[in-house]
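Quick note on this note's numbering: the sequence shown kicks off at 6 and runs consecutively.
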Amino acid sequence: MMSILATLFIGLIAGFVARALKPGDDGMGWIMTAVLGVAGSFVAGYLGAALGLYQPGQPVGFLASVVGAIILLVIYGFIKKK
6 MMSILATLFI GLIAGFVARA LKPGDDGMGW IMTAVLGVAG SFVAGYLGAA
56 LGLYQPGQPV GFLASVVGAI ILLVIYGFIK KK
């Protein structure tokens, strides 16, 4: 349970950091940024566990969360343009 809460908290912060690092105008609010950050954190956690970088249930690292959030921001930008 604590690992999920830790992933949520890290994801919130990672979303804002990822949006600050990714160039360009996203035109989305802070709620969508937080949601994409949390989703990026969970994606990074599942991919890290699948690759053997993290144990299942272990909170994901901050840098992996930021990278996951940036990837989701880029995908969101491609979808939004179409």
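Beta carbons are placed, not taken as given, at the ideal position from N, Cα and C, and that holds for glycine.
Taking C-beta separations shorter than 8 Å and ignoring five residues to either side along the sequence, the partners of Val-79 in its chain run Lys-27, following chain order. Relative to Val-71, the option among Gly-32, Leu-10 and Ala-39 whose CA is nearest is Ala-39. In chain order, Ala-49 and Gly-53 place their CB closer than 7 Å to the CB of Ala-69, counting only its own chain and leaving out the 5 sequence neighbours on each side. Boundaries of the alpha helix (DSSP H) harbouring Lys-86: 67-86, taken from the DSSP string. Look at Tyr-51 here: in three-state DSSP terms it is helix.
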